[in-house]
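Reviewing the structure listed below.
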Amino acid sequence: MPLIEIKPLKLADKALQVLSRKPDIDWIIFISANAVNFALIGNDGKIREYCHKAKIAAVGQATANALQQLGLVVSAIPEQGFNSEALLARPELQNVQGQRCVIVRGVGGREVLADTLRARGAEVDYLDVYERQAPLIDPERIVSLLQTKMLDVITITSAEALHNLLALLPTDPWRKLLLSIPLVVISDRLCLIASTLGFIHVVVSDGVSDGAVLKIIINLVSGEDSG
407 MPLIEIKPLK
417 LADKALQVLS
427 RKPDIDWIIF
437 ISANAVNFAL
447 IGNDGKIREY
457 CHKAKIAAVG
467 QATANALQQL
477 GLVVSAIPEQ
487 GFNSEALLAR
497 PELQNVQGQR
507 CVIVRGVGGR
517 EVLADTLRAR
527 GAEVDYLDVY
537 ERQAPLIDPE
547 RIVSLLQTKM
557 LDVITITSAE
567 ALHNLLALLP
577 TDPWRKLLLS
587 IPLVVISDRL
597 CLIASTLGFI
607 HVVVSDGVSD
617 GAVLKIIINL
627 VSGEDSG
């Protein structure tokens, strides 16, 4: 059940000026595989030409894979993790005083990457190429699963998806029952958020790949992981 709907944004001339007025961009940083696809495959390929002039960074391996599939060289990828903090730990992004960076992302999101780069002396601009929306989901679909005890495990990959899920069941008893279902997340940050929101049994997968998440799900369903 998808909890986030991704919609591409058609870049206006004003947005493209972020790139055109900076012929000497040092870094183009892609936040997600969606950012890669909507920026480089969509928008008539207008952004791609700039990627051959600047160094490229990816927040995670899936994002890096999407870039490499398009024939682009990725100069900075987190060794572990797939978030802004992991990318900021890379040695390539420590000494960025006076460098120009463009972050390609969806509308909104966390500011830690830009804020930290600016604190290190970089000039940072955003290029928003898609937006995230909560899809229209009938809450009765989830209620039905809870009623029939057909919901054994929930997997969540972003805080936004987690909030969208809880918004579907704002009151008890169904919300309380939902919070009792084992939840698999892909980062310690998400684990903390989920626990704060009231989830009782939260497990962090060993990686972000489908295989890593599936392994945890199998362990939970088989009773091998007691949390």
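For the sequence shown, the working numbering assigns the number 633 to the last residue and increments by one with no breaks.
A virtual CB, placed ideally from N, CA and C, is assigned to each residue, including glycine.
Quiz item: Does the distance from the CB of GLU537 to the CB of LYS413 come in under 8 Å?
Solution: yes
Self-check item: THR561 vs ILE623 beta-carbon contact at 8 Å
Solution: yes
Quiz prompt | ASP432 versus LYS416, VAL424, GLN423 and LYS461, residue with shortest Cα-Cα distance | solution = For ASP432, the closest of LYS416, VAL424, GLN423 and LYS461 by C-alpha to C-alpha distance is LYS461.
Quiz item: In chain order, what residues of the same chain have a beta carbon less than 7 Å from the beta carbon of LYS459, not counting five sequence neighbours either side?
Solution: ILE431
Quiz item: Across which residues does DSSP place ILE410 in a beta bridge pair?
Solution: ILE410 is not bridged to any residue.
Quiz item: Near LEU575, which residues of its chain fall below 8 Å by C-beta distance, leaving aside the five closest residues on each side in sequence?
Solution: The answer, listed in chain order, is PRO545, ILE548, VAL549, ARG581 and LEU584.
Self-check item: Contact test: VAL479 Cβ vs the ligand FMN heavy atom, cutoff 7 Å
Solution: Looking for the ligand FMN in the displayed structure turns up nothing, as the structure carries no ligands at all.
Exercise. Evaluate contact between the segment 515-531 and the segment 441-448, counting only Cβ atoms and requiring at least three cross-stretch pairs below 8 Å.
Key: no
Quiz item: Using the beta-carbon count (16 or more within 10 Å), is ALA618 buried or exposed?
Solution: exposed
Practice problem: Give the secondary structure of LEU557 by DSSP, where H, G and I count as helix, E and B as strand, and everything else as coil. | Solution: coil
Quiz item: Are the segment 590-609 and the segment 553-569 in contact at 8 Å, needing three or more beta carbon pairs?
Solution: yes
Quiz item: Are three or more beta carbon pairs between the segment 495-505 and the segment 522-530 nearer than 8 Å?
Solution: yes
Quiz prompt | Start and end residues, alpha helix (DSSP H) containing ALA618 | solution = 616-628
Quiz item: Which first and last residues belong to the beta strand (DSSP E) in which ASP534 is found?
Solution: 529-539
Quiz item: Taking DSSP as the reference, what is the three-state secondary structure of LEU575?
Solution: coil
Exercise. Determine the DSSP secondary structure at ILE548, reduced to helix, strand or coil.
Key: helix
Quiz prompt | Best match in THR469, GLN486 and LEU596 for proximity to VAL393 [C-alpha to C-alpha] | solution = Absent from the model: residue 393. The displayed extent of the chain is 407 to 633, so no value can be given.
Practice problem: Leaving aside the five residues before and after LEU557 along the sequence, list all residues of the same chain whose C-beta is less than 7 Å from its C-beta, in chain order. | Solution: LEU551 and ILE587
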